[in-house]
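To start, the structure itself, in structure tokens.
And the structure:
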């Protein structure tokens, strides 16, 4: 299975339903979720015009792109209350200082009986072979940086209490583990190398310049992550999908 | 799903096949695997007479118990080479100094075309909400103690290279994540509390008496593990099931 299939394969919106994708970013997920639900109308919003223009640019390259992009803040949505059948929130709550407030706000826009679908990662779920305390330290730095910015890179494990606390009912959480070894080179390349390790590498400058780790320590950790992509290496990471209803 | 269903539900031995359960211990898994394969003949062996007599005692309480228990060492099995259709190894390799040698030895007793099924945990896969550095330290102590005794409590993540390195072909590894929150109280009680936390608690005396942690530190960690069993807590742990064939 591909990463998209593991994460979105069972997210299906009913024929004729109205869906809000809250915080679509550059539209990385939009097409994947739309693909499974050709009969749904999807409105994707993001607070960042820059991200949205990247999303729109990608959409413009396709005929009949299945979603509409709108620039708005999820804390001041221009929609009628009780109007969406589904709200889809993917890799958004991890960045927010106040994820519960965001969920309470989104709840207002769901129809009674409507469903929220939340997907988030959890960087504390990563483990790998060969194990490496250097790589673990790199990942901890990533978590610290996100915490400093007001986010929570360990949010996956707390989706259950978060949705319950935001007054959703019938809350269900489904872990989605990604396990990559050399029997699936596409997943090793696509996930371990180009998604996870690339993301960790991306904060190297911030970590080194903030003095938390030396350049040498940091690079040891990055090397250890690449090492897990070799013939005998393995890599695990868990995403969480949560669903909840509005009564 | 119950823990047994998650771990053994898809382990099915063909009608008429001969199965070796290598390292059955007190027979904790024997009945669960036999249940799915009433047409198979299962021979369960263990090196410890004490464990086996506990297994036999449990078996004696049942009519038509579906397996035969034998006392022997997996490094000197009294069977003909190339005689088993399946070899099932569950929570055994983690205790061995030489898991590769054990696998090479077991390989001899598989028929060509026969299959090995290995199930192991990985204590480094545990994470939970609320997070706790004390509880993480307790778990690290457990891993260190097992390493000192010659075992590897992080063996789950390396089943893939281990089976490949022991000359098995078609090696496939399937992670089995256990996720428990208060929507499933039976799993919280049965797994988080009575399996994982109880196992960690079980080594408390060794850890404290070896001076690695003070009694107070240790108890803080244990309290934090119990805390994850409350209404808003969550707990994750990943087991690994690996299969390999003899060419």
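Chains as they are written, first to last, in the UniProt record's numbering: chain A, 1 to 247; chain B, 1 to 247. Just so it is clear, CB atoms sit at the ideal spot from N, CA and C, and this is done for glycine as well. Values in this document were obtained by computation on a predicted structure and should not be read as measured data.
Close Cβ partners of residue i (< 6 Å) along its chain, the five nearest in sequence each way excluded
{"i": "residue 132 of chain B", "result": "224"}
{"i": "residue 134 of chain B", "result": "220, 221, 224"}
{"i": "residue 58 of chain A", "result": "27"}
{"i": "residue 121 of chain B", "result": "156, 239"}
{"i": "residue 29 of chain B", "result": "90"}
{"i": "residue 51 of chain B", "result": "25, 26"}
{"i": "residue 164 of chain A", "result": "171"}
{"i": "residue 56 of chain A", "result": "69"}
{"i": "residue 193 of chain A", "result": "229"}
{"i": "residue 73 of chain A", "result": "47"}
{"i": "residue 18 of chain A", "result": "41, 84, 85"}
Contact under 9 Å by Cβ, residue i with residue j
{"i": "residue 44 of chain A", "j": "residue 21 of chain A", "result": "yes"}
{"i": "residue 153 of chain A", "j": "residue 100 of chain A", "result": "no"}
{"i": "residue 14 of chain A", "j": "residue 111 of chain A", "result": "no"}
{"i": "residue 31 of chain B", "j": "residue 84 of chain B", "result": "no"}
{"i": "residue 241 of chain A", "j": "residue 118 of chain A", "result": "yes"}
{"i": "residue 160 of chain A", "j": "residue 171 of chain A", "result": "yes"}
{"i": "residue 82 of chain A", "j": "residue 108 of chain A", "result": "yes"}
{"i": "residue 212 of chain A", "j": "residue 168 of chain A", "result": "no"}
{"i": "residue 175 of chain A", "j": "residue 177 of chain B", "result": "yes"}
{"i": "residue 230 of chain B", "j": "residue 146 of chain B", "result": "no"}
Straight-line Cα distance separating residue j from residue i
{"i": "residue 140 of chain A", "j": "residue 228 of chain B", "result": "21 Å"}
{"i": "residue 244 of chain A", "j": "residue 181 of chain B", "result": "15 Å"}
{"i": "residue 89 of chain B", "j": "residue 16 of chain B", "result": "20 Å"}
{"i": "residue 41 of chain A", "j": "residue 136 of chain A", "result": "42 Å"}
{"i": "residue 69 of chain B", "j": "residue 79 of chain B", "result": "14 Å"}
{"i": "residue 158 of chain B", "j": "residue 46 of chain A", "result": "41 Å"}
{"i": "residue 205 of chain A", "j": "residue 191 of chain A", "result": "22 Å"}
{"i": "residue 203 of chain B", "j": "residue 6 of chain B", "result": "26 Å"}
{"i": "residue 216 of chain B", "j": "residue 208 of chain B", "result": "9 Å"}
{"i": "residue 130 of chain A", "j": "residue 234 of chain A", "result": "7 Å"}
{"i": "residue 33 of chain A", "j": "residue 25 of chain A", "result": "14 Å"}
{"i": "residue 214 of chain B", "j": "residue 98 of chain A", "result": "37 Å"}
{"i": "residue 232 of chain B", "j": "residue 210 of chain A", "result": "35 Å"}
{"i": "residue 48 of chain A", "j": "residue 54 of chain A", "result": "10 Å"}
{"i": "residue 23 of chain B", "j": "residue 195 of chain B", "result": "20 Å"}
{"i": "residue 138 of chain B", "j": "residue 197 of chain B", "result": "10 Å"}
{"i": "residue 11 of chain B", "j": "residue 148 of chain A", "result": "46 Å"}
{"i": "residue 114 of chain B", "j": "residue 67 of chain B", "result": "19 Å"}
{"i": "residue 189 of chain B", "j": "residue 226 of chain B", "result": "10 Å"}
{"i": "residue 4 of chain B", "j": "residue 77 of chain A", "result": "46 Å"}
{"i": "residue 173 of chain A", "j": "residue 162 of chain B", "result": "32 Å"}
{"i": "residue 60 of chain B", "j": "residue 199 of chain B", "result": "27 Å"}
{"i": "residue 218 of chain A", "j": "residue 218 of chain B", "result": "31 Å"}
Close-in-space but distant-in-sequence residues of the same chain around residue i (CB under 7 Å, 5 per side omitted)
{"i": "residue 201 of chain B", "result": "222"}
{"i": "residue 125 of chain A", "result": "156, 237, 238"}
{"i": "residue 39 of chain A", "result": "15, 16"}
{"i": "residue 127 of chain A", "result": "236"}
Bridge partner(s) assigned by DSSP for residue i
{"i": "residue 244 of chain B", "result": "B:116"}
{"i": "residue 22 of chain A", "result": "A:45"}
{"i": "residue 235 of chain B", "result": "B:128, B:180"}
Other residues of its chain near residue i: CB distance less than 8 Å, five sequence neighbours each side excluded
{"i": "residue 75 of chain B", "result": "101, 102, 105"}
{"i": "residue 9 of chain A", "result": "1, 36"}
{"i": "residue 143 of chain A", "result": "123, 124, 153, 154"}
{"i": "residue 186 of chain B", "result": "2"}
{"i": "residue 256 of chain A", "result": "The structure shown does not extend to residue 256 of chain A, since chain A spans only 1 to 247, so no value can be given for it."}
{"i": "residue 183 of chain A", "result": "none"}
Contained beta strand (DSSP E) runs [length at least 3] in the region 167–223 of chain B, N- to C-terminal order: 169–181
In chain order, which continuous runs of the beta strand (DSSP E) of length 3 or greater are located wholly inside the region 94–166 of chain A? 110–120, 127–129
Return the chain-ordered ranges of every beta strand (DSSP E) run that is complete within the region 36–101 of chain A and spans a minimum of 3 residues. 41–46, 67–71, 84–90
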